[in-house]
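Okay, so here's the structure we're looking at.
Number of protein chains: 2
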Amino acid sequence: MRKKNIEYRSSCPISTALDIIGDKWSLLIIRDLAFKGKNTYGDFLNGGEKIATNILADRLMLLEMAGIITKHPHPESKAKHLYKLTPKGIDLVPALVEIISWSEKYHEVHPYAKQFVKQLKNNKEAVVKQIIEGLKKDSFN
Amino acid sequence: MRKKNIEYRSSCPISTALDIIGDKWSLLIIRDLAFKGKNTYGDFLNGGEKIATNILADRLMLLEMAGIITKHPHPESKAKHLYKLTPKGIDLVPALVEIISWSEKYHEVHPYAKQFVKQLKNNKEAVVKQIIEGLKKDSFN
DNA sequence: AACAATACTTGTAAAATGCAAGTGATTTTG
DNA sequence: CAAAATCACTTGCATTTTACAAGTATTGTT
Numbered sequence: 001m002r003k004k005n006i007e008y009r010s011s012c013p014i015s016t017a018l019d020i021i022g023d024k025w026s027l028l029i030i031r032d033l034a035f036k037g038k039n040t041y042g043d044f045l046n047g048g049e050k051i052a053t054n055i056l057a058d059r060l061m062l063l064e065m066a067g068i069i070t071k072h073p074h075p076e077s078k079a080k081h082l083y084k085l086t087p088k089g090i091d092l093v094p095a096l097v098e099i100i101s102w103s104e105k106y107h108e109v110h111p112y113a114k115q116f117v118k119q120l121k122n123n124k125e126a127v128v129k130q131i132i133e134g135l136k137k138d139s140f141n
Numbered sequence: 142m143r144k145k146n147i148e149y150r151s152s153c154p155i156s157t158a159l160d161i162i163g164d165k166w167s168l169l170i171i172r173d174l175a176f177k178g179k180n181t182y183g184d185f186l187n188g189g190e191k192i193a194t195n196i197l198a199d200r201l202m203l204l205e206m207a208g209i210i211t212k213h214p215h216p217e218s219k220a221k222h223l224y225k226l227t228p229k230g231i232d233l234v235p236a237l238v239e240i241i242s243w244s245e246k247y248h249e250v251h252p253y254a255k256q257f258v259k260q261l262k263n264n265k266e267a268v269v270k271q272i273i274e275g276l277k278k279d280s281f282n
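These protein sequence lines are chains U and Z, in that order. With our numbering, letter number 44 in the first sequence gets 44, and the count goes up by one each step, no holes. Counting the second sequence from 1 gives a position; our numbering is that position plus 141.
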């Protein structure tokens, strides 16, 4: 069984953020939701990085507890669930975008990522805004 | 013994970033270097979040291997070492700043952090630029 | 020379992660 | 409509990582 409440190590905002999303998987789930239109357990499992099923279930629960995602019935199938980013989750997009830019600058990444960073360099504000607006619209479905 | 080369799970820039700094401690060391003027092993140990000595040594090595920090002799004492951010490390500041903003918005944080975010809201570009310039200047000492 | 500070290393217990298999509820197929 | 497949997990166990306590080697201080 998991602890219900996370203990924060300090009142430093970075430290607190890491207490929530400071692991190798949480941000990838958020990435899938924010950039890849993935939103079911099965989607995340086939996300490209081979997360273990127990870890995925654990992270989904933690992210839900942290108020970053919510779990809904799937409109097309009772066997599925639909995960969505909350406003708190959507607000992570600017941080993700900066991480992408940094990583693209210093590492070999997928051509798709290079293209995305090129767009960012051209007009970061607009690109970020468009992504966020798109995600907010989803919230009403 | 530690592995010498990190294996990247995929060519996704976020995934690659997490392979390097996706843990509970690395970004706190970088925070200490970037925002708190800390730059020795002892400084990091007393950084407020009680990192274990073996983990600190391990993370310093990994960050150095990743090209994010460098290790230098201390100008005032042969018993000490001086750690500095590389340009790659300095380039993480914008991501850190976004994480700070996000975390401050949704969590209880230190008043100092609230003040910092207020400045950011007023003029993010200038604040970030000033921090980065300050760090770059240090590189020449 | 003795003591303290600094930057670690080592040993071991505890926790988190990874892997394989299993479960129960739906949904599809023959 | 019964059997197989899909989906979202859970369970058990081995491996890896982390935490905590203690020890060590070099340098600095008195």
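For every residue, glycine included, the Cβ atom is placed at its ideal position computed from N, Cα and C. This one's a predicted model, so the numbers in the text were calculated from it and none came from an experiment.
- Item | Whole-angstrom C-beta distance between residue 135/U and residue 100/U, which should lie under 8 Å | Counting from 1 along the first sequence, the entry for residue 100/U is found at position 100. Counting from 1 along the first sequence, the entry for residue 135/U is found at position 135. Wrong, their Cβ atoms sit about 16 Å apart, outside the cutoff.
- Item | Exposed unless 16 or more other CB atoms sit within 10 angstroms - verdict on residue 161/Z | By 1-based counting over the second sequence, the position of residue 161/Z is 20. When all chains shown are included, residue 161/Z counts as buried.
- Query: Would you report the Cα separation of residue 63/U and residue 83/U, rounded to the nearest angstrom?
  - Reply: Mapped onto the first sequence, residue 63/U falls at position 63. Mapped onto the first sequence, residue 83/U falls at position 83. Distance between the alpha carbons of residue 63/U and residue 83/U: 10 Å.
- Item | Chain-order list of residues whose beta-carbon lies under 6 Å from that of residue 66/U (same chain, five-residue window excluded) | Walking along the first sequence from the start, residue 66/U turns up at place 66. These residues qualify, in order along the chain: 20.
- Message: On the DSSP letters alone, give me the boundaries of the alpha helix (DSSP H) that residue 194/Z sits inside.
- Response: Within the second sequence, the letter at position 53 stands for residue 194/Z. From DSSP, the alpha helix (DSSP H) with residue 194/Z extends over 194-206.
- Task: Give the residues from the region 197-215 of chain Z that approach chain U closer than 8 Å (Cβ to any Cβ), ordered along the chain.
- Result: 208
- Applying a beta-carbon distance threshold of less than 7 Å, which residues of chain U neighbour residue 157/Z? Taking the second sequence and counting its residues from 1, one reaches residue 157/Z at position 16. Per Cβ cutoff of 7 Å: 103, 107 and 109.
- Under the three-state reduction of DSSP, which class applies to residue 225/Z: helix, strand or coil? Numbered from 1 along the second sequence, position 84 holds the residue referred to as residue 225/Z. Residue 225/Z: strand per DSSP, three-state reduction.
- Could you tell me whether the Cβ atoms of residue 154/Z and residue 117/U are closer together than 9 Å? For the purposes of this step, residue 154/Z is taken as residue 13 along the second sequence, with counting starting at 1. For the purposes of this step, residue 117/U is taken as residue 117 along the first sequence, with counting starting at 1. Yes.
- May I ask you to report which of helix, strand or coil DSSP gives residue 210/Z? For the purposes of this step, residue 210/Z is taken as residue 69 along the second sequence, with counting starting at 1. Residue 210/Z falls in the strand class under three-state DSSP.
- Task: Answer with yes or no whether the minimum CB distance from residue 149/Z to chain U is below 9 Å.
- Result: Position 8 of the second sequence, counted from the start, is the residue given in the question as residue 149/Z. By this cut-off, residue 149/Z is an interface position.
- Taking the continuous alpha helix (DSSP H) assigned at residue 157/Z, which residues delimit it? In the second sequence, counting from the first residue as 1, residue 157/Z sits at position 16. Here the alpha helix (DSSP H) through residue 157/Z covers 154-162.
- Message: If the cut-off is 7 Å on Cβ atoms, which residues from the region 219-242 of chain Z count as contacting chain U, listed in chain order?
- Response: 229, 232, 233, 235, 236, 237, 239, 240 and 241
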